[in-house]
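> A single structure is presented below for examination.
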Amino acid sequence: MGEDRNLVINPEQAKTVRRIYAMFLEGKSPHAISKILTDEPETLTVIGKQKWNPSTIKSILTNEKYKGDALLQKSYTVDFLSKEKKANEGEIPQYYVKGNHEAIIQPEVFDMVQNMMALRKTGKNRISTANVFSSKIRCGDCGGWYGSKVWHSNTKYRRRVWRCNRKYENDDKCQTPHLTDDEVKELFIKAANQLIEIKDEIIRNFEEAKEFLFGTAELSKEQEELESNLNQLADEINALINENARIAIDQAEYERNYNSLVKQFDETEDRLGEVKEEISMRQGNQEQVEMFLKNLEKTDLIDEFDERLFNRLVEVIEVGREKVTVTFKDGSEVTI
């Protein structure tokens with residue numbers, strides 16, 4: 001907590017939190033993650049303990065504060081004399097505040113983790129193929145998502161296909177083709193192998209361009225300057241208010257000076273928010289690409305579909321009328 005009562009990010013703890021989210025997205029369970037962290041002497045919990053519990057990992061993976069939001073009044077005081085607290089189960093209102101503070105985890109990453117946790121609660125150890133491909137296949141005509149449809153459901157010819165969800169919404173229907181599960185799997189295998197064949201070049205190019213793509217030195221410098229300017233403007237506003245209370249000054253001039261300072265303060269504060277968001281976004285993107293390259297580096301050519309590898313590598317598959325483009329999490333594209 002900073003002097004202004006706002007949450008302040010601890011860089012080392014933030015790095016650990018991002019690792020936990022990355023490992024979960026790779027398919028590791030909270031139990032597996034807790035074991036990995038416990039085996040690292042230098043990685044301690046927030047209270048300085050060596051042992052990480054699975055419950056701690058689950059708490060981190062479901063805490064909305066890490067994406068910059070806040071749920072207020074999760075608990076309440078039952079007895080003000082005894083200070084007894086109780087979890088709020090609807091007894092009093094709760095308030096969800098978006099963008100309450102600087103985020104450690106990108107909101108879309110946090111939401112992806114919540115979806116994966118919800119799927120795991122169903123008791124299925126493996127994610128079904130339908131869920132693996134959901135929100136991964138996009139129509140090249142309208143930009144809408146492909147959804148799974150079952151053809152001949154009550155016959156021996158039953159099969160599932162993937163088709164644009166908006167295909168028949170408009171008179172000018174999408175002309176992109178449907179795909180079967182096997183066709184999507186085969187597309188992934190072909191695209192992944194093309195990428196794997198040149199993985200050394202991809203990793204080398206990333207290292208050379210990393211600072212240009214994700215560097216935050218200039219932004220961090222600007223952040224410091226903006227924070228200094230904000231403090232100075234706040235001092236000037238307070239000094240002006242105190243002067244007006246102490247001595248008689250021209251009120252029209254006071255209003256002009258006051259409004260000018262407040263305008264500068266608001267503009268500086270807005271820019272500071274943009275800079276912080278850009279720094280967070282670059283750091284998040286860099287970590288996502290580094291995680292992708294780490295997975296790519298240890299992957300050899302494949303000859304069968306692997307669900308976990310698909311989740312680790314693929315950002316989106318765009319289906320065109322004549323071709324299909326697979327976009328990977330580092331931004332690389334392979335067209336088939």
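As numbered in full-length UniProt numbering, residues 1 to 336 make up the sequence shown, in order. The beta-carbon is built from N, C-alpha and C at its ideal position, and this holds for glycine as well.
Once the 5 residues before and after PRO11 are set aside, which same chain residues still bring their CB inside 7 Å of it?
none
> So for TYR21, helix, strand or coil by DSSP?
helix
> For VAL184 and LEU25, I'd like the C-alpha separation in whole angstroms.
21 Å
> Below 8 Å CB to CB, which residues in the same chain sit around SER332 once its five sequence neighbours on both sides are set aside?
Here SER332 has LEU195 and ILE202 as same chain residues with Cβ atoms under 8 Å from its own Cβ, once five neighbours each way along the sequence are excluded.
> Taking ALA67 as the reference, give the member of ILE198, GLN175, GLN114 and PHE214 with the closest Cα.
Checking the displayed sequence, the identity of residue 67 turns out to be Lys instead of Ala. Looking at the Cα atoms, GLN114 is the closest of the given residues.
> Starting from TYR157 and walking both ways along the alpha helix (DSSP H), at which residues does that stretch end?
Looking at the DSSP string, TYR157 is not in any alpha helix (DSSP H), and its letter there is neither H nor E.
> Whole angstroms is fine: what's the gap from ASN295's alpha carbon to ARG312's?
7 Å
> Count the other C-beta atoms from every protein chain shown that fall within 10 angstroms of the C-beta of ILE47, then say buried if there are 16 or more, exposed otherwise.
exposed
> Give the range of the beta strand (DSSP E) segment to which THR335 is assigned.
333-335
> Please determine if the segment 302-322 and the segment 233-243 are in contact, where contact requires at least 3 C-beta pairs separated by less than 8 Å.
no
> Per the DSSP calculation, THR325 is bridged to which residue(s)?
GLU318 and THR335
> Once DSSP output is grouped into helix, strand and coil, what is the label at SER135?
coil
> Take residue 337 as the anchor and find which of HIS152, ILE189 and GLY273 has the nearest alpha-carbon.
As shown, the chain starts at 1 and ends at 336. That puts residue 337 outside it, with no answer to give.
> At the level of alpha carbons, what is the spacing between ARG159 and GLU278?
Whole-angstrom Cα-Cα distance: 45 Å.
> Just list the alpha helix (DSSP H) runs in the segment 248-287, keeping only unbroken ones of 4 residues or longer that don't cross its boundaries, in chain order.
none
> Taking the alpha helix (DSSP H) that ALA103 falls in, what are its first and last residues?
Counting along the chain, ALA103 falls outside any alpha helix (DSSP H), and DSSP gives it neither H nor E.
> For ALA149, list the residues DSSP reports as bridge partners.
Residue identity differs from the one stated: residue 149 is Lys in this sequence, not Ala. Answer is VAL161, bridged to LYS149.
> For GLN106, does the count of other Cβ atoms within 10 angstroms reach 16, so buried, or fall short, so exposed?
buried
> For GLY215, count the other beta carbons within 10 Å of its own beta carbon; 16 or more makes it buried, fewer makes it exposed. Which is it?
Per the 10 Å Cβ criterion, exposed.
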